[in-house]
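Asker:
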Amino acid sequence: MPHYQKQLAVRTTAKSLRKVTTAVQAAVAESKIQAGMCHLFLRHTSASLTIQENADPDVLVDLENFFAKLVPEWEKYIHSAEGPDDMPAHIRTVLTNTSEQIPIANGRLVLGTWQGIYIWEHRNIPHQRELFIHIAGD
Amino acid sequence: MPHYQKQLAVRTTAKSLRKVTTAVQAAVAESKIQAGMCHLFLRHTSASLTIQENADPDVLVDLENFFAKLVPEWEKYIHSAEGPDDMPAHIRTVLTNTSEQIPIANGRLVLGTWQGIYIWEHRNIPHQRELFIHIAGD
Amino acid sequence: MPHYQKQLAVRTTAKSLRKVTTAVQAAVAESKIQAGMCHLFLRHTSASLTIQENADPDVLVDLENFFAKLVPEWEKYIHSAEGPDDMPAHIRTVLTNTSEQIPIANGRLVLGTWQGIYIWEHRNIPHQRELFIHIAGD
Chain A
9 MPHYQKQLAV
19 RTTAKSLRKV
29 TTAVQAAVAE
39 SKIQAGMCHL
49 FLRHTSASLT
59 IQENADPDVL
69 VDLENFFAKL
79 VPEWEKYIHS
89 AEGPDDMPAH
99 IRTVLTNTSE
109 QIPIANGRLV
119 LGTWQGIYIW
129 EHRNIPHQRE
139 LFIHIAGD
Chain B
9 MPHYQKQLAV
19 RTTAKSLRKV
29 TTAVQAAVAE
39 SKIQAGMCHL
49 FLRHTSASLT
59 IQENADPDVL
69 VDLENFFAKL
79 VPEWEKYIHS
89 AEGPDDMPAH
99 IRTVLTNTSE
109 QIPIANGRLV
119 LGTWQGIYIW
129 EHRNIPHQRE
139 LFIHIAGD
Chain C
9 MPHYQKQLAV
19 RTTAKSLRKV
29 TTAVQAAVAE
39 SKIQAGMCHL
49 FLRHTSASLT
59 IQENADPDVL
69 VDLENFFAKL
79 VPEWEKYIHS
89 AEGPDDMPAH
99 IRTVLTNTSE
109 QIPIANGRLV
119 LGTWQGIYIW
129 EHRNIPHQRE
139 LFIHIAGD
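Keeping their order, the protein sequence lines are chains A, B and C. Per our numbering: the first sequence = residues 9 to 146. Per our numbering: the second sequence = residues 9 to 146. Per our numbering: the third sequence = residues 9 to 146.
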C-alpha cells in the first residue's frame with residue numbers, strides 16, 4: 009500500500025495554539041496520495057493537537073483562557089516536581105488529542121472551510137515538539 | 009488499496025446528540041469491505057462526534073446538561089460576535105472529537121453492545137452538518 | 009493490504025488507569041508490519057483510552073483526582089439507575105477517547121519517550137474490558 013511518513017519539528021510558544029495546516033497540507037502534496045487518510049501523532053504528553061476555527065484569533069485566546077481556568081496551576085497536585093504548569097499540561101493533553109486523523113480526497117485534506125490544525129503548547133515555556141505524519145492511500 | 013469515500017449531510021437539532029450509527033453501518037455495507045477501518049470526520053468546529061450509550065436516552069440529556077454547565081454561555085468570551093453560544097460550541101468541540109475511527113471485522117463495525125455513534129450539535133439552532141466517511145481495508 | 013486484527017480482554021481495577029503499552033507493542037511485533045498504523049478501539053462507554061506519562065505514577069493519581077472532581081458522583085443525573093458512578097463514567101469517557109491511533113515505523117510504535125497507552129476504568133468496580141486492535145500497513 010502506498011504510504012508516506014515524515015516527522016516535523018515544530019517550535020511552540022508558551023500556552024498557545026500554533027497552526028500547522030499549511031505544513032500538513034504540504035506533506036499531503038508531497039505524498040502524491042489522492043484518496044486516503046492523513047494521520048497526525050504528537051509524541052508528547054504536555055502538548056496536544058486540536059482542529060479548530062482558523063479565522064478569528066480571539067477563538068484561540070478564549071480556548072486558552074477556558075483551559076487555564078478549568079485546570080488551574082494553583083490547584084494542589086501530587087506530581088509537582090516539574091513545576092506548577094506540568095500536571096495541568098498533562099490534564100489539558102488528556103482533555104484534547106494526541107492524534108488527529110483527516111481524510112484526503114482529490115489530493116487534499118477534506119477540512120471544512122473554518123477548520124485549521126493546531127499544536128497546543130500547554131507548558132509555560134516554548135518547546136520543540138515532534139509531529140509524526142503518516143499518510144496512506146492511493 | 010480498496011477504499012470508499014462518501015459525504016453525508018446530516019440535519020441536527022439544537023444542542024443535542026443525533027445518532028448516525030445506522031447510516032454509518034450502511035456505508036460500511038456499501039463499501040463491501042470486510043476487514044478494515046471506518047474513519048468519520050466532521051467538517052465543522054461547533055459540532056462534534058462522540059461514541060456513547062445507545063440505550064437510555066437520559067444519558068444523552070445528562071451529557072448535554074453537563075456540557076452546558078461546564079462551558080456556560082453567560083461566561084465572558086472575547087469571541088462573541090457570532091452569539092453567546094458560538095464560543096461555548098467551539099470549546100465543547102475541543103473537549104469531544106472532530107473524528108472517530110472504528111475498526112471493521114466480518115463486514116461490520118466492531119462497536120460494543122452499548123455503543124452508538126453520535127453527531128453532537130453544540131449551537132442553539134439546527135444546522136446541516138457534513139460528515140465525511142472514509143473506509144479502507146479488504 | 010496486509011492487516012492484522014486481535015481482541016484483548018483486559019482486567020481493570022476501579023477508577024484507575026491500566027498501562028497496556030507492552031501488550032499493544034507485542035501485537036505490533038506479531039503483525040510483522042514495519043510501517044503503518046495501529047488503531048486501538050475500546051468497545052465500552054464507561055471506560056476509555058488515553059496516552060499519557062509513563063514514568064511517574066503520581067500523574068495517574070492526579071488525573072483520576074481531577075476527573076473525580078470535575079465529574080462528581082454526588083451531582084444530580086437523570087440516568088441514575090445503574091449507580092451513582094455510571095453517568096460520571098459516561099461523561100469521563102466522552103472527555104477522553106474511545107480510540108487511539110499510533111503510527112508504526114521500523115516495526116515499532118512511534119510513541120515518544122514519555123508516552124504510555126492506558127485503559128482508564130471509570131466505574132467503581134473492576135471490569136473485563138475488550139480492546140480491539142487493528143494494524144494495517146506494509
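No residue lacks a Cβ here, since even glycine has one placed at the ideal position from N, Cα and C.
Would you decide whether Arg19 of chain A is buried or exposed? Buried here means 16 or more other CB atoms lie within 10 Å of its CB.
Answerer: Position 11 of the first sequence, counted from the start, is the residue given in the question as residue 19 of chain A. Exposed: under 16 other Cβ atoms inside 10 Å.
Asker: Kindly list the residues whose CB is nearer than 8 Å to the CB of Gln109 of chain A, restricted to its own chain and excluding five residues on each side of it in sequence; keep chain order.
Answerer: Here residue 109 of chain A corresponds to residue number 101 of the first sequence, with the count starting at 1. Within the same chain, Gln109 of chain A has close Cβ partners Met45, Cys46, His47, Leu48.
Asker: Helix, strand or coil for Val79 of chain C, going by three-state DSSP, please let me know.
Answerer: As a first step, residue 79 of chain C must be located in the third sequence, where it is residue number 71. Note: Val79 of chain C maps to coil in three-state DSSP.
Asker: Using a Cβ cut-off of 8 Å, which residues of the region 37-68 of chain B contact any Cβ in chain C, in chain order?
Answerer: Residues passing the 8 Å Cβ filter: Ala43, Gly44, Met45, Thr58, Ile59, Gln60, Glu61, Asp64, Asp66, Val67.
Asker: Just confirm the distance between the C-beta atoms of Ala63 of chain C and Gln13 of chain A, as a whole number of angstroms; I'd bet it's less than 8 Å.
Answerer: Here residue 63 of chain C corresponds to residue number 55 of the third sequence, with the count starting at 1. Here residue 13 of chain A corresponds to residue number 5 of the first sequence, with the count starting at 1. Wrong, their Cβ atoms sit about 27 Å apart, outside the cutoff.
Asker: Which residues does DSSP pair with Ile99 of chain B in a beta bridge?
Answerer: The sequence position of residue 99 of chain B within the second sequence is 91, counting from 1. Looking at the DSSP assignment, Ile99 of chain B forms no beta bridge with any residue, so it has no partner.
Asker: Please name the residue in B:His130, B:Lys84, B:Leu68, B:Ser39 whose C-alpha comes closest to that of Gly115 of chain B.
Answerer: For the purposes of this step, residue 115 of chain B is taken as residue 107 along the second sequence, with counting starting at 1. Among B:His130, B:Lys84, B:Leu68, B:Ser39, the Cα nearest to that of Gly115 of chain B belongs to B:Ser39.
Asker: Cα-Cα, which of C:His11, C:Ile99, C:Thr30 is closest to Ala43 of chain C?
Answerer: For the purposes of this step, residue 43 of chain C is taken as residue 35 along the third sequence, with counting starting at 1. Here the closest residue by C-alpha is C:His11.
Asker: Whose C-alpha, out of C:His98, C:Thr58, C:Lys23, C:Pro134, is nearest the C-alpha of Phe75 of chain B?
Answerer: By one-based count along the second sequence, residue 75 of chain B stands at place 67. By alpha-carbon distance to Phe75 of chain B, the top candidate from C:His98, C:Thr58, C:Lys23, C:Pro134 is C:His98.
Asker: Does DSSP put Thr58 of chain A in a helix, a strand or coil?
Answerer: Taking the first sequence and counting its residues from 1, one reaches residue 58 of chain A at position 50. Under the three-state reduction of DSSP, Thr58 of chain A is assigned to strand.
Asker: Could you tell me how far apart the beta carbons of Arg137 of chain A and Leu50 of chain A are, in whole angstroms, since I believe they sit closer than 8 Å?
Answerer: Working through the first sequence from its first residue, we reach residue 137 of chain A at position 129. Working through the first sequence from its first residue, we reach residue 50 of chain A at position 42. Yes, they are in contact, since the Cβ atoms of Arg137 of chain A and Leu50 of chain A sit about 6 Å apart, within 8 Å.
Asker: For the region 19-28 of chain C and the region 118-130 of chain C, state whether three or more C-beta atom pairs, one from each stretch, are separated by less than 8 Å.
Answerer: yes
Asker: For a cutoff of 8 Å on Cβ pairs, would you count Pro15 of chain B as touching chain C?
Answerer: Numbered from 1 along the second sequence, position 7 holds the residue referred to as residue 15 of chain B. Reading off the sequence, residue 15 of chain B comes out as Gln, not Pro. Output row for Gln15 of chain B: interface = no.
Asker: Grouping DSSP H, G and I as helix and E and B as strand, with all else coil, what is Val18 of chain C?
Answerer: Stepping through the third sequence from its first residue, residue 18 of chain C is reached at position 10. Correct three-state label for Val18 of chain C: strand.
Asker: Please check if any C-beta of chain C sits within less than 8 Å of the C-beta of Thr106 of chain A.
Answerer: Taking the first residue of the first sequence as position 1, residue 106 of chain A is located at position 98. Thr106 of chain A counts as touching chain C.
Asker: Can you name, in chain order, every residue of its own chain whose Cβ lies under 7 Å from the Cβ of Asp146 of chain A, other than the five neighbours on each side?
Answerer: Translated into the one-based positions of the first sequence, residue 146 of chain A becomes position 138. Pro10, Ile41, Gln42, Ala43, Gly44, listed in sequence order.
Asker: Could you check whether the Cβ of Ala76 of chain B sits closer than 7 Å to any heavy atom belonging to the ligand NAP?
Answerer: With respect to the ligand NAP, the structure shown offers nothing to examine, as it has no ligands at all.
Asker: Please report the residue range of the alpha helix (DSSP H) in which Gln33 of chain A lies.
Answerer: Residue mapping note: residue 33 of chain A aligns to position 25 of the first sequence, counting from 1. 29-39 is the extent of the alpha helix (DSSP H) around Gln33 of chain A.
Asker: Between Leu103 of chain C and chain A, is there a C-beta pair that is closer than 8 Å?
Answerer: Reading the third sequence from its first residue, position 95 is the one you call residue 103 of chain C. Closer than 8 Å: yes.
Asker: Can you tell me where the beta strand (DSSP E) with Leu139 of chain B in it begins and where it stops?
Answerer: Mapped onto the second sequence, residue 139 of chain B falls at position 131. Per DSSP, the continuous beta strand (DSSP E) segment holding Leu139 of chain B begins and ends at 136-145.
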